Amino acid sequence: MRRTPEGGNGRGRGGRPGAGSRSGSSGSNADDERKIPTYEERKAAYEEARARIFKDME
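So for the sequence shown, UniProt numbering puts the first residue at 1; every next one is plus one.
Shown next as structure tokens:
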């Protein structure tokens, strides 16, 4: 059985849909519209999650 260069299952690398290489510009993309959180936003989310996880240990 022969495999394609993308991994053999037609889904790109790693077997996940959309995990292969992206070619060309396809206009509006969900990845382009996703907001990347700032350091402060990530830190706040981390502290909130940590407080939830360890709330019973204090």
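We put the beta carbon where it would ideally sit given N, CA and C, even for glycine. These numbers come from a predicted model, not from an experiment.
DSSP-derived helix/strand/coil call for residue i
{"i": "R34", "result": "coil"}
Bounding residues of the alpha helix (DSSP H) (the contiguous stretch that carries residue i)
{"i": "K43", "result": "39–53"}
Same chain, Cβ closer than 6 Å to residue i, neighbours up to 5 away in sequence not counted
{"i": "R50", "result": "none"}
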